[in-house]
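**Student:** Here it is, the structure in full.
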Amino acid sequence: MIYTCTLNPSLDYYMEGQQELEPGKLNRSQLEYYEAGGKGINVSIVLNNLGIPSRAVGFLGGFTKDFYISLLAKYEFILPNFTYTSGNTRINVKLHAGQTETDVNAAGPYVTDADMRNLREKVSRLDKGDYLILAGNTQPYLKDDVRNMLEEAVKKDVRICLDSDPDLVRQVVGAGVFLLKTTPEELSRMIDQKCESEEEILAGAVRLHGLGAENVLVVIDNRMALLVCPTGCFTASLEQEKKAIYTLGTGDSLVAGFIMDYLRSKDPVDSFRFGCSCGSATAYSRGLATREKIDSFYEKTDVSEVQPPEGTVL
């Protein structure tokens, strides 16, 4: 079974307009809608669109909880299993005006010790062969609990997939992580080393692989992705000829596609190609990737092998 864990989900309020925002003035949108948000939930939604069931865990609460759950009801293959908190699930505002994307994200509710114990109990039911995808930042005061939860899962041969903040990754990667998705900025913080050029990024990903991450995915400016895995180092473009519509969720879609294909092929390189087609499909869609859109991008997605930087060893 695949579990996605979103520690601080959000009710995302999208507002779209044709004109660029004018700070300090009244701005009006032409289209508004709500979506259940959070990086782990995004992974679940793309898995759903691919026909793959997942159980969604994390924290929901307050007056936004029921509306959030109702938004998930349209996804046949998402099984909500949230821990309910007393605080309100946050509402994030996503502004898409003209050619500019602007996000205003709230802090979210406080998670109590009892709430965290409830989540750890749910995760403790996972066993060998299950996947646990933790996506989204971890609240600083929860990091010790989350680290312990992940380490306990690793001991049971659960495949851990991480797309979280660098401090948590640094604490957990040595325990053995199946998949780690990150960005150059986060990668720099994980290894205390500048990762700006493609060579530096590749070297940093190789280093993380050596520390314990079996498959390392780096998404660079939503235009290309890099994979370091036991087979070698590979790159693929996420860009096509026209300008992307909306890049939110590109990396989450890549993770979902990688996991879905790996369940079938057990081939990280083919899984990388399929994951990149999912990321591209999201970037060129209004919303997250659908199966039809993904299939149309798969044939256009080329994966190239690259050599590790001199002085690095896989």
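The numbering used here numbers the first residue of the sequence shown as 712 and each following residue consecutively.
Positions of the beta carbon are idealized from the N, C-alpha and C atoms, including for glycine.
All of these numbers come straight from a predicted model, not from anything done at the bench.
#1: Using a Cβ-Cβ cut-off of 8 Å, state whether SER964 counts as contacting chain B.
#2: Hey, is the segment 767-774 in contact with the segment 746-758, meaning 3+ C-beta pairs nearer than 8 Å?
#3: Exposed or buried, ALA914, counting other C-beta atoms within 10 Å across all chains shown (16 or more means buried)?
#4: Hey, is the segment 882-889 in contact with the segment 976-988, meaning 3+ C-beta pairs nearer than 8 Å?
#5: Alpha carbon to alpha carbon, how far is PRO1019 from SER875? Give it in angstroms, no decimals.
#6: TYR745 to SER908, Cα distance in whole Å?
#7: Nearest by alpha-carbon distance to SER982: which of TYR995, ASN760, GLU950 and THR946 is it?
#8: Mapping DSSP to helix, strand and coil, what is THR811?
#9: By how many angstroms is the C-alpha of VAL857 removed from the C-alpha of ASP878?
#10: Please check the pair TYR973 and SER988, which I expect to be a contact at CB under 8 Å, by giving their CB distance rounded to whole angstroms.
#11: Cα-Cα, which of THR715, VAL927 and SER991 is closest to ASN792?
#12: Taking the C-alpha atoms as reference points, what is the distance between GLY968 and VAL757?
#13: How do the segment 728-741 and the segment 929-939 stand: do at least 3 beta-carbon pairs fall below 8 Å, yes or no?
**Tutor:** Let me spell this out:
#1: The structure shown contains no chain B; it holds only a single protein chain.
#2: Contact between the segment 767-774 and the segment 746-758 is present, because at least three Cβ pairs lie under 8 Å.
#3: Within the sequence shown, the letter at position 203 stands for residue 914. Residue environment analysis places ALA914 among the buried positions, since at least 16 neighbouring C-beta atoms fall within 10 angstroms of its C-beta.
#4: Between the segment 882-889 and the segment 976-988, the count of Cβ pairs shorter than 8 Å is below three; the stretches do not touch.
#5: As a first step, residue 875 is located in the sequence shown; it is residue number 164 there, counting from the start. As a first step, residue 1019 is located in the sequence shown; it is residue number 308 there, counting from the start. So the two alpha carbons sit approximately 25 Å from each other.
#6: For the purposes of this step, residue 745 is identified with residue 34 of the sequence shown, where counting begins at 1. For the purposes of this step, residue 908 is identified with residue 197 of the sequence shown, where counting begins at 1. Looking at the two C-alpha atoms, the distance is approximately 37 Å.
#7: Here residue 982 refers to the residue found at position 271 when the sequence shown is read from its first residue. Comparing Cα positions, the closest option is THR946.
#8: If you number the sequence shown from 1, residue 811 lands on position 100. Three-state DSSP puts THR811 in a strand.
#9: On the sequence shown, residue 878 is found 167 positions in, with the first residue counted as 1. On the sequence shown, residue 857 is found 146 positions in, with the first residue counted as 1. One C-alpha to the other measures close to 12 Å.
#10: Walking along the sequence shown from the start, residue 973 turns up at place 262. Walking along the sequence shown from the start, residue 988 turns up at place 277. With a Cβ gap of about 14 Å, TYR973 and SER988 do not count as contacting.
#11: Position 81 of the sequence shown, counting from 1, holds the residue named residue 792. Among THR715, VAL927 and SER991, the Cα nearest to that of ASN792 is on THR715.
#12: If you number the sequence shown from 1, residue 968 lands on position 257. If you number the sequence shown from 1, residue 757 lands on position 46. If I take the Cα positions, the gap works out to 8 Å.
#13: Counting Cβ pairs under 8 Å, fewer than three are found: no touch.
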